[in-house]
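Peer 1: Everything in the sequence shown is counted per the numbering used here, starting at 9 for the first residue and increasing by one. For every residue, glycine included, the Cβ atom is placed at its ideal position computed from N, Cα and C. The structure presented is a predicted model; accordingly, all values stated were derived computationally and were not measured. Dropping a structure here in structure tokens format, bear with me for questions.
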Amino acid sequence: MNKKNKVVYFDNNATTAVAPEVFEAMKPYLTEFYGNPSSMYYFGGRVGQALDKARAQIADLLGSSFIDPKGKHSEIIFTSCGTESDNTAILSALQTCPKRNKIIVSKVEHPAVLNVAKELERRNIKVGYIPVDSKGRIDLQRLEEMVDEDTALVSVMWANNEIGNIYPVQKIAEIAHNYGALFHTDAVQAVGKVPFSLDDMDIDMLSLSGHKLHAPKGVGVLYVKRGVRFRPFMVGGHQEKSRRGGTENVSGIVALGRACELAKANMEYENTVVKALRDRLEKGILERVPSTRANGDLEHRLPNTSSISFDFIEGEAILMMLDEFGICASSGSACTTGSLEPSHVLRSMGIPYTAAHGTVRFSLSCYNTEEEVDYVIDKIPAVIETLRKMSPYWNH
Ligand code: PLP
9 MNKKNKVVYF
19 DNNATTAVAP
29 EVFEAMKPYL
39 TEFYGNPSSM
49 YYFGGRVGQA
59 LDKARAQIAD
69 LLGSSFIDPK
79 GKHSEIIFTS
89 CGTESDNTAI
99 LSALQTCPKR
109 NKIIVSKVEH
119 PAVLNVAKEL
129 ERRNIKVGYI
139 PVDSKGRIDL
149 QRLEEMVDED
159 TALVSVMWAN
169 NEIGNIYPVQ
179 KIAEIAHNYG
189 ALFHTDAVQA
199 VGKVPFSLDD
209 MDIDMLSLSG
219 HKLHAPKGVG
229 VLYVKRGVRF
239 RPFMVGGHQE
249 KSRRGGTENV
259 SGIVALGRAC
269 ELAKANMEYE
279 NTVVKALRDR
289 LEKGILERVP
299 STRANGDLEH
309 RLPNTSSISF
319 DFIEGEAILM
329 MLDEFGICAS
339 SGSACTTGSL
349 EPSHVLRSMG
359 IPYTAAHGTV
369 RFSLSCYNTE
379 EEVDYVIDKI
389 PAVIETLRKM
399 SPYWNH
């Protein structure tokens with residue numbers, strides 16, 4: 009079998025397949041019900057109702073029960089993607105707290121947060137970067153030392169896209185609040201995999217993205233807890249209660265609503281069956297290939313993610329050879345593919361260069377099977393052996 013007739017897709021943290029049920033739900037909103045949800049007449053109004061239904065489905069997955077006087081789950085604001093949600097949250101916090109001139113983020117955030125932080129530094133905003141240890145765990149003691157009365161926002165991701173670590177966001181929110189700072193979490197990788205209820209938590213803002221949970225690309229959400237100060241990023245029409253201008257991506261939003269409903273129903277499956285597949289894959293590779301290690305906080309990570317370092321070879325070379333067998337995975341994060349530098353996440357963890365360079369991330373979904381896992385376990389040893397034979401650093 010080669011890539012022409014087989015695809016084994018183990019790159020679900022980069023993006024996911026649109027679920028068939030999701031595609032069915034969104035189709036009528038591309039063909040039949042194409043009205044503008046803001047229009048006054050019935051043909052538009054029924055589209056507006058579809059947005060409200062999606063808002064309720066999403067709120068249900070997130071555990072956000074607040075309903076405004078108009079009967080809407082208005083803690084949910086639709087955006088175009090996770091990146092827009094992250095940008096909006098960070099800039100809003102700074103604009104609504106003009107007396108505070110500092111934000112704090114972790115060193116292992118996605119570029120959707122880190123590059124905003126870097127841009128803000130150029131505009132003379134102070135940025136604190138919370139370090140992590142060799143397992144990628146956040147140093148809460150350091151956070152306590154960094155946060156102060158000048159801090160507008162602490163932003164720490166719920167789950168890391170490269171190593172899968174799950175971070176103690178409730179604890180971090182409490183620390184931020186002790187100093188009057190807001191707390192935002194990038195939950196793009198956590199939603200649908202980590203069960204939680206925002207009603208019971210102190211999270212002010214949360215980002216999610218449709219294409220990571222079997223909805224299409226181009227739709228996201230920013231959750232803003234009721235009462236939290238907010239300033240829009242996209243300014244325009246009165247959509248989303250004037251909190252995000254621009255006609256909503258109706259079919260994408262309907263899809264996201266349905267995807268959230270499915271994610272809630274599949275949460276148990278994700279944390280049992282998918283987790284078991286991930287564990288089988290990881291164990292199979294580590295047992296068969298010498299000089300390998302699994303990265304991250306192995307007891308506190310997403311059920312679908314495995315980051316494995318193969319000493320003395322290049323991750324990109326591994327990916328190219330796996331591609332010949334139709335196997336799709338990622339080296340570091342998809343967004344950093346193309347650069348040969350080890351990812352900022354692995355560097356922050358202090359993973360030795362010889363291992364960080366040869367790191368591959370496998371990320372599974374509910375559509376993967378045991379047969380696929382065994383196929384990958386079967387192909388990997390020869391791939392690694394071939395590459396190591398060519399490596400000047402490998403002399404076993
Ligand atoms: N945050 C995390 C943790 C991600 O993994 C990603 C995508 O890889 C994003 C943000 C960006 O999401 P989007 O592609 O929807 O902009």
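Going by DSSP, what residues sit across from Asp156 in a beta bridge?
Peer 2: None, per the DSSP bridge assignment.
Peer 1: Under the three-state reduction of DSSP, which class applies to Phe51: helix, strand or coil?
Peer 2: The answer is helix: DSSP assigns Phe51 an H, G or I state.
Peer 1: What does a CB cutoff of less than 7 Å around His219 pick up in its chain, not counting 5 residues either side in sequence?
Peer 2: Thr23, Thr24 and Lys225.
Peer 1: Please report how far the alpha carbon of Phe41 lies from the alpha carbon of Val384, in whole angstroms.
Peer 2: Looking at the two C-alpha atoms, the distance is approximately 43 Å.
Peer 1: For the alpha helix (DSSP H) containing Lys249, list its first residue and its last residue.
Peer 2: Element bounds for Lys249: Gln247 to Ser250.
Peer 1: Assuming Ala27 and His222 are in contact, meaning their beta carbons sit under 8 Å apart, how far apart are those beta carbons, in whole angstroms?
Peer 2: With 8 Å as the limit, Ala27 and His222 qualify as a contact, their Cβ atoms being about 4 Å apart.
Peer 1: Closer than 8 Å by C-beta to Tyr37: which residues in its own chain qualify, once you throw out the five before and the five after it? Chain order, please.
Peer 2: Within the same chain, Tyr37 has close Cβ partners Val55, Ala58, Val258, Ser259 and Val262.
Peer 1: Looking at the secondary structure, which residues open and close the beta strand (DSSP E) in which His192 lies?
Peer 2: Counting along the chain, the beta strand (DSSP E) containing His192 begins and ends at Leu190 to Asp194.
Peer 1: Can Asn109 be considered in contact with ligand 1, in the sense that its beta carbon sits closer than 8 Å to one or more heavy atoms?
Peer 2: Every heavy atom of ligand 1 is 8 Å or more from the Cβ of Asn109, so no.
Peer 1: Should Asn95 be labelled buried (16 or more other beta-carbon atoms within 10 Å of its own) or exposed?
Peer 2: When all chains shown are included, Asn95 counts as buried.
Peer 1: Specify the secondary structure class of Thr394 as computed by DSSP and reduced to three states.
Peer 2: Helix, per DSSP.
Peer 1: Taking C-alpha atoms, which residue in Leu148, Ser163, Arg63 and Asn169 lies nearest to Asn20?
Peer 2: Considering only alpha carbons, the answer is Asn169.
Peer 1: Kindly indicate which three-state DSSP category Asp386 falls into: helix, strand or coil?
Peer 2: Helix at Asp386.
Peer 1: Give the secondary structure of Ile66 by DSSP, where H, G and I count as helix, E and B as strand, and everything else as coil.
Peer 2: Helix at Ile66.
Peer 1: Taking its Cβ as the centre, do 16 or more other Cβ atoms sit within 10 Å of Val15, making it buried, or is it exposed?
Peer 2: So Val15 ends up on the exposed side.
Peer 1: Going by other Cβ atoms of all chains shown within 10 Å of its Cβ, with 16 needed for buried, is Leu348 buried or exposed?
Peer 2: Looking at its Cβ environment, which holds fewer than 16 other Cβ atoms inside 10 Å, Leu348 is exposed.
Peer 1: Round the Cβ separation of Val368 and Gly304 to the nearest angstrom and send it over; I've been treating them as touching at under 8 Å.
Peer 2: With 8 Å as the limit, Val368 and Gly304 do not qualify as a contact, their Cβ atoms being about 13 Å apart.
Peer 1: Out of curiosity, what's the CA-to-CA distance linking Val124 and Gly292?
Peer 2: Distance between the alpha carbons of Val124 and Gly292: 39 Å.
Peer 1: Which whole-angstrom value is the C-beta distance of Asp64 and Ser215, which I expect to be below 8 Å?
Peer 2: In the sequence as presented, Asp is not what sits at residue 64; that position holds Ala. Ala64 to Ser215, Cβ: 19 Å. No contact.
Peer 1: Are Val121 and Met165 touching if we call contact CB-CB under 9 Å?
Peer 2: Cβ distance < 9 Å, so Val121 and Met165 count as in contact.
Peer 1: Distance check for Arg266 and Ala62, CA to CA, integer angstroms please.
Peer 2: When rounded, the distance between both Cα atoms is 7 Å.
Peer 1: Please give the ranges of any alpha helix (DSSP H) in the region 266-292, keeping only runs that are unbroken, at least 4 residues long and fully inside the region.
Peer 2: The region 266-292 contains no whole alpha helix (DSSP H) run of 4 or more residues.
Peer 1: Would you mind reading off the limits of the alpha helix (DSSP H) that contains Gly228?
Peer 2: Segment Gly228 to Val232 is the beta strand (DSSP E) holding Gly228; no alpha helix (DSSP H) there.
Peer 1: Would Val135 and Val116 be called neighbours here (beta carbons separated by less than 9 Å)?
Peer 2: Going by C-beta atoms, Val135 is not nearer than 9 Å to Val116.
Peer 1: Quick one: is Asp382 buried, meaning 16 or more other Cβ sit within 10 Å of its Cβ, or exposed?
Peer 2: The residue is exposed, with fewer than 16 neighbouring Cβ atoms inside 10 Å.
Peer 1: Kindly identify the DSSP beta-bridge partner or partners of Cys336.
Peer 2: According to DSSP, Cys336 bridges with Tyr17.
Peer 1: Where do the N-terminal and C-terminal ends of the alpha helix (DSSP H) with Val121 fall, by residue?
Peer 2: Pro119 to Arg130 is the extent of the alpha helix (DSSP H) around Val121.
Peer 1: By Cβ distance below 6 Å, which residues in the same chain neighbour Cys268 in space, the five residues on each side in sequence not counted?
Peer 2: Correct list, in chain order: Gln65, Ile66 and Leu69.
Peer 1: What is the DSSP secondary structure of Ala302, counted as helix, strand or coil?
Peer 2: In the structure shown, Ala302 sits in a strand (DSSP, three-state: E or B).
Peer 1: Return yes when the Cβ of Ile171 is within less than 9 Å of the Cβ of Met34, no when it is not.
Peer 2: No, these two residues do not count as a Cβ contact at 9 Å.
Peer 1: Look at the alpha carbon of Tyr49 and the alpha carbon of Asp207, and state the distance between them as a whole number of angstroms.
Peer 2: For Tyr49 and Asp207, the distance between alpha carbons rounds to 35 Å.
Peer 1: So, with DSSP's three-state summary, where would you put Tyr137?
Peer 2: If DSSP states are grouped into helix, strand and coil, Tyr137 belongs with the strands.
Peer 1: If we count the other Cβ atoms within 10 Å of its Cβ and call it buried at 16 or more, is Gly366 buried or exposed?
Peer 2: Flag for Gly366 reads buried.
Peer 1: Given Ala198, which residues of its chain have a CB within under 6 Å of its CB, disregarding the five upstream and five downstream residues?
Peer 2: Only Trp166 and Ala167 meet the Cβ criterion.
Peer 1: From what residue to what residue does the beta strand (DSSP E) around Ile111 run?
Peer 2: Taken as a continuous stretch (DSSP letters only), the beta strand (DSSP E) holding Ile111 covers Lys110 to Ser114.
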